[in-house]
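**Student:** This is the structure I want to talk about, given as C-alpha cells.
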Amino acid sequence: MKYADLHVHTFYSDSTLSPEEVVHTAKEKGLAAIAICDHDSIDGIEPCEQVGARLGVEIIPAIEVTAEKPEVEIHVLGYFIDWKKDWFQKKLKEIQEWRVGRVYKMVDKLKDCNIKLDPKEIFNLAGKGSVGRLHVARAILKAGKVKTLKEAFDKYIGFLKPCYVLDIRFSPQEAIDIILKVGGIPVLAHPYIIGNDTYIEEFITYGLKGIEVYHIEHKNSVVKRYESIARQHNLLMTGGSDCHGLGKGRILMGSVKVPYELVDKLRDEAKALKENRGI
44 MKYADLHVHT
54 FYSDSTLSPE
64 EVVHTAKEKG
74 LAAIAICDHD
84 SIDGIEPCEQ
94 VGARLGVEII
104 PAIEVTAEKP
114 EVEIHVLGYF
124 IDWKKDWFQK
134 KLKEIQEWRV
144 GRVYKMVDKL
154 KDCNIKLDPK
164 EIFNLAGKGS
174 VGRLHVARAI
184 LKAGKVKTLK
194 EAFDKYIGFL
204 KPCYVLDIRF
214 SPQEAIDIIL
224 KVGGIPVLAH
234 PYIIGNDTYI
244 EEFITYGLKG
254 IEVYHIEHKN
264 SVVKRYESIA
274 RQHNLLMTGG
284 SDCHGLGKGR
294 ILMGSVKVPY
304 ELVDKLRDEA
314 KALKENRGI
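Using this note's numbering, read the sequence shown as starting at 44 and increasing by one per residue.
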C-alpha cells in the first residue's frame, strides 16, 4: 500500500532540511508522495519537484498560509495550488515583508524580558527561508536564555505570551479565498492547536474543503473527534507529520501518513475546482 505525508516543510520556511534532503528523506521513509507546505512560501516546490522526478517521489504543490483572528493564529493549507501565477507570487512577497517586520517587533519586546537578540542573526538562521517564530526561538536558545525551543514558545513567543506579536495580515476568509483563487484545496491545519472547533463551521462558509485530522499533536481521542466532525460536514480528512527537519528536535517525516487514495481525492477536487473557476 502506498502512503503520503501531506505536511512537510523545507528550509524555505522554518525547516532545517533542504529540498534535496526532504525528498531523499521521503524516499528513505518509503513515501510515495509528500506535500511541500512551507509557511507563506512556494520557493521550495520547484527544487523538490526536480529531485522528486529523479527519485520517484511525487511532490504535491502546496502552501501553509498564515492568517489570524483577533484571538488566535490560524494556518490554512492549500493543496495542488497553481503556484506560478504572478499575482500570487507578489502577494507572498508582501507576506515575507510582513514577516521581517514582525521579527523586529519581537526583538524589541524581548528586550523588555532581558533578552537581547541581533535581528541579523535571526535572518541568518532563516537563510533563504520565510523567517518566523521558530527562527526567533532558535536564537533565544542559542543565547542561552532557554533550555529548549518549547520553553522559548511557552515563556516568550507563543500565542499571547509577552513577546508574541499579534499583527493581522490575512483573515481566515482571505487566506481561504487566496488558495481557492490559485485552484487549491483549502484545509484547516492542526485544528486542535487552535482550540476552538466552532471556527470550522465558520470557515466552511468561506470555502474550506477539509481539516487536518491526522497530525503529530493530535492524540487518538482528538483524531476521533475530528474524524466525526469531518464526516458530519463532508470534509476531506488530511494528515501529515508537520516535519520541520531538526527544527522541532527530530525528523518527523512519515510519523504521520495517510493512504495514497487521499492524494487522488485532493487531485480530483482540485481539478474540478479549476474547471469550475476557469483556472
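C-beta: ideal position from N, C-alpha, C; glycine also.
Just so it is clear, the structure is predicted and the values come from calculations on it, not from any experiment.
Taking residue 200 as the reference, which of 311, 127, 150 has the closest Cα?
**Tutor:** 150
**Student:** Our contact map puts residue 282 next to residue 255 with C-beta atoms below 8 Å; I'd like the distance itself, whole angstroms only.
**Tutor:** 6 Å
**Student:** Distance, Cα to Cα, residue 205 vs residue 152?
**Tutor:** 7 Å
**Student:** Touching or not, the region 109-118 and the region 128-135, by the rule of three or more beta carbon pairs under 8 Å?
**Tutor:** no
**Student:** Exposed or buried, which one is residue 170 when buried takes at least 16 other CB atoms within 10 Å?
**Tutor:** Residue burial is scored here from C-beta neighbours: residue 170 has fewer than 16 other C-beta atoms within 10 angstroms and is therefore classed as exposed.
**Student:** Looking at C-alpha atoms only, which residue of 53, 247, 55, 185 is the closest neighbour of residue 273?
**Tutor:** 247
**Student:** May I have a chain-ordered list of the beta strand (DSSP E) segments no shorter than 3 residues that lie completely inside the region 195-269?
**Tutor:** Within the region 195-269, the complete beta strand (DSSP E) runs of at least 3 residues are 228-231, 253-258.
**Student:** Relative to the C-alpha of residue 301, which candidate in 181, 74, 232, 277 has its C-alpha closest?
**Tutor:** For residue 301, the closest alpha carbon among the candidates 181, 74, 232, 277 is that of 74.
**Student:** Can you grab the Cα-Cα spacing for the pair residue 84 / residue 106, in whole Å?
**Tutor:** 7 Å
**Student:** Go ahead and pull the three-state DSSP assignment for residue 156.
**Tutor:** coil
**Student:** Identify, in the order they occur along the chain, each residue of the same chain with its Cβ nearer than 6 Å to the Cβ of residue 90, setting aside the five sequence neighbours on each side.
**Tutor:** 62
**Student:** Quick check on residue 320: buried or exposed, where buried means 16 or more other Cβ atoms within 10 Å of its Cβ?
**Tutor:** exposed
**Student:** Any idea if residue 280 is buried or exposed, counting beta-carbon neighbours within 10 angstroms, 16 or more meaning buried?
**Tutor:** buried
**Student:** Give the single residue among 118, 68, 81 whose Cα lies nearest to the Cα of residue 98.
**Tutor:** 68
**Student:** How far does the alpha helix (DSSP H) with residue 64 in it extend, from its first residue to its last?
**Tutor:** 62-71
**Student:** What runs of the beta strand (DSSP E), each 3 residues or longer, lie entirely inside the region 82-121?
**Tutor:** 101-112
**Student:** What would DSSP say about residue 323, mapped onto helix, strand or coil?
**Tutor:** Here the chain covers residues 44 to 322 and nothing more, so residue 323 does not appear.
**Student:** Using the three-state DSSP reduction, which class does residue 75 fall into: helix, strand or coil?
**Tutor:** coil
**Student:** By the DSSP assignment, the beta strand (DSSP E) with residue 299 in it spans what residues?
**Tutor:** Run containing residue 299: none; DSSP gives neither H nor E here.
**Student:** If contact is defined by three or more beta carbon pairs under 8 Å, each pair taking one atom from either stretch, is the region 44-52 in contact with the region 76-83?
**Tutor:** yes
**Student:** Looking at residue 242 and residue 260, is the spacing between their C-beta atoms short of 7 Å?
**Tutor:** no
**Student:** Can you tell me whether residue 209 is buried or exposed, with buried defined as 16 or more other CB within 10 angstroms of its CB?
**Tutor:** exposed
**Student:** Report yes if the C-beta distance between residue 222 and residue 121 is below 7 Å; otherwise report no.
**Tutor:** yes
**Student:** Can you tell me the Cβ-Cβ gap for residue 306 and residue 103, rounded? I've got them flagged as a contact below 8 Å.
**Tutor:** 7 Å
**Student:** Just the C-alpha distance for residue 156 and residue 190, rounded to the nearest angstrom, thanks.
**Tutor:** 16 Å
**Student:** So, with DSSP's three-state summary, where would you put residue 289?
**Tutor:** Residue 289 falls in the coil class under three-state DSSP.
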